[in-house]
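Chains as they are written, first to last, in the numbering used here: chain U, 68 to 281; chain P, 68 to 281.
What follows is a set of notes on a single structure, which appears directly below.
Number of protein chains: 2
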Amino acid sequence: MKPIPTRTVERLFRYGQLLHAKKEAGAEAVFSRELAQAVDVSPEQVRRDLMNFHLKGTPQQGYPVEQLLRKLYEHLETQAATKIALLGVGNLGKAILSYFLRRRPNLSIVAAFDTDPEKAGRVYAGSQVYHISQLEKIAARENITVGVITVPAASAQQSADLLVKAGIRAILNFAPTQLQLPREIYLENIDITLSIEKAAYFSRKSGTDRRHGK
Amino acid sequence: MKPIPTRTVERLFRYGQLLHAKKEAGAEAVFSRELAQAVDVSPEQVRRDLMNFHLKGTPQQGYPVEQLLRKLYEHLETQAATKIALLGVGNLGKAILSYFLRRRPNLSIVAAFDTDPEKAGRVYAGSQVYHISQLEKIAARENITVGVITVPAASAQQSADLLVKAGIRAILNFAPTQLQLPREIYLENIDITLSIEKAAYFSRKSGTDRRHGK
């Protein structure tokens, strides 16, 4: 399959989100208009995207959920597992460890790291916790390529630098701060406090169409 | 102050994010180029945004952090507290309760709700937990206007409908599913699993500029 453009990939992930929910709910078919609504594009765009996978839906029966999910993830995931490290085993870090455990078959948080020596040696939700000084060694041994940062803002840049030095190529950052990273490192930020602040702000604006965010 | 456009408001929140980090780090001044870099706009745009607040920085000394933070939040927050409800007191819900406790002076999660009768009556991280059947009553009594959804995907739409019925006007949704809401309700989605999947996907793409996400 030829390379798929980035924006299309982002839509594919969101189709996957709906498909997982459909599968969980026991549905066997999904229609292009449902996928279109979920992702806020036209049904025609959905059908063009799904032609990449040589799957045709029918107007009456839609697309088969299981088959589509499988083909989608054949492209979105590799056959090999992706190993993830989490830095910062506080409340949020522990919640992410629990939340993500066994959620996706080829993705797992194989190691967690903290500066607190009391936490090293423990296991939280299936992840062994190590002292941060072990990051490079463990990342190399386990072939870890993704990092999740759940440390306080003041420690986040240092955590990111350590991850990059350890060979990590993509970072999901929960700390409420902007990170400076080499251009080739993928970075996504989730700022929970900022999202709550925005919700509070827009809850006060009256009017007919205040739909914002994502 | 005349109304500030939505896109400007979103930048203002992100300036606030940097300013909070600066304040935490003990810095007294911030420069427009730092704010520009944090938000990925030009320093000129930053200065135009901050003219809304009748604050001028100087090239040598920058803007005063405390004063700017105060003026920014005079606009971004009301003087009155915003009350928030959280639905779904599982691992993620509990982590959000802990994480957000006392983080912003005028924002607090005053009540949490769950379908599990065992959880009702307990207190987690400063929030009283109630049975979901109490939502409308408590929301009215406490004047709750913002809802956070941390229930499983299959229960999310129902939770959102209950929040809207209870008078909530803005929702932050962590469940991995698209919600259907009236147009005037503010909605923001945070899908942690999707973000991890995207990081894993882009960690495998080689090349010089794979910077994506936010």
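The beta-carbon is built from N, C-alpha and C at its ideal position, and this holds for glycine as well.
Around the C-beta of Thr244 of chain P, 16 or more other C-beta atoms lie within 10 Å, and the residue is accordingly described as buried. The Cβ atoms of Ala187 of chain P and Val196 of chain P lie closer than 9 Å to each other. Annotation: Cβ neighbours of Phe167 of chain P in chain U (cutoff 9 Å, chain order): Ile259, Thr260 and Ile263.
A direct Cα-to-Cα measurement between Asp258 of chain P and Glu141 of chain U gives close to 21 Å. A distance below 6 Å between beta-carbons, with the five flanking residues on each side excluded, links Arg114 of chain U to the following residues of its chain, in chain order: Ser99. The beta carbons of Leu164 of chain P and Ala152 of chain P sit no closer together than 9 Å. Sequence-distant partners of Arg81 of chain U (beyond 5 residues in either direction) whose C-beta falls short of 8 Å from its own C-beta, in its chain, are Ala105 and Val106. For chain P, the residues of the stretch 139-157 of chain U that bring a beta carbon within less than 8 Å of one of its beta carbons are Leu143, Glu144, Thr145, Thr149 and Ile151, in chain order. Taking 9 Å as the upper bound on Cβ-Cβ separation, chain P lies near residues Asn173, Leu174 and Ile176 of the stretch 172-189 of chain U. The beta carbons of Leu229 of chain P and Gly193 of chain P sit about 23 Å from each other, so the pair does not count as a contact at 8 Å. Taking 9 Å as the cut-off, the Cβ atoms of Val156 of chain P and Lys90 of chain P do not count as close. CA-CA distance, Arg236 of chain U to Val76 of chain U, rounds to 18 Å. Between Ala92 of chain U and chain P, the shortest Cβ-Cβ separation is below 9 Å. By the neighbour-count criterion, in which 16 or more other beta carbons inside 10 Å mark a residue as buried, Glu185 of chain P falls on the exposed side.
In this structure, U:Ala103 is the residue among U:Ala103, U:Ile71 and U:Pro70 with its C-alpha nearest to the C-alpha of Gln84 of chain U.
With contacts defined by Cβ atoms closer than 9 Å, Ser222 of chain U and Thr182 of chain U form a contacting pair. For Ile238 of chain P, the residues of chain U that pass the 8 Å Cβ criterion are Ala266, in the order they occur in the chain.
Burial state of Ala147 of chain U is exposed, judged by a 10 Å Cβ sphere holding fewer than 16 other Cβ atoms. Relative to the Cα of Phe120 of chain P, the nearest Cα in the group P:Val213, P:Gln134, P:Ser109 and P:His198 belongs to P:Gln134. Boundaries of the beta strand (DSSP E) harbouring His198 of chain U: Ser194 to His198, taken from the DSSP string. Only residues of its own chain outside the window of five on either side were considered, and among them Leu153, Ala179 and Thr217 have a CB closer than 7 Å to the CB of Gly160 of chain U, listed in chain order. Cα atoms of Arg170 of chain U and Asn256 of chain U: separation of roughly 20 Å, rounded to the nearest angstrom. Remark: C-beta atoms of Glu209 of chain U and Lys123 of chain U do not approach each other more closely than 9 Å.
The alpha helix (DSSP H) runs lying completely inside the stretch 185-269 of chain U and spanning 4 residues or more are 202-209 and 220-232, given in chain order. Annotation for Leu202 of chain U: Phe180, Leu229 and Ala233 place their beta carbon closer than 6 Å to its own, counting only its chain and skipping 5 residues before and after.
In this structure, the straight-line span from the alpha carbon of Leu143 of chain P to that of Gln128 of chain P is close to 25 Å.
Collapsing the DSSP output to three states places Ala105 of chain P in a helix.
DSSP, reduced to helix, strand and coil, places Leu153 of chain U within a strand of the structure shown. With contacts defined by Cβ atoms closer than 9 Å, Ile263 of chain P and Val190 of chain U do not form a contacting pair. Selection P:Lys138, P:Lys265, P:Val177 and P:Thr125 evaluated against Leu79 of chain P yields P:Lys138 as nearest (Cα-Cα). In this structure, Leu254 of chain U and Leu246 of chain U form a Cβ contact; the two beta carbons are roughly 6 Å apart against a cut-off of 8 Å. When only Cα atoms are considered, Gln224 of chain P and Ala94 of chain P end up about 44 Å apart. Here the C-alpha atom of Glu101 of chain U lies approximately 10 Å from the C-alpha atom of Ser109 of chain U. A direct Cα-Cα distance of roughly 11 Å separates Leu117 of chain P from Ile71 of chain P. With a threshold of 16 other beta carbon atoms within 10 Å, Ser200 of chain P falls short and is exposed. Annotation for Ala179 of chain U: the continuous beta strand (DSSP E) segment containing it runs Leu174 to Asp181.
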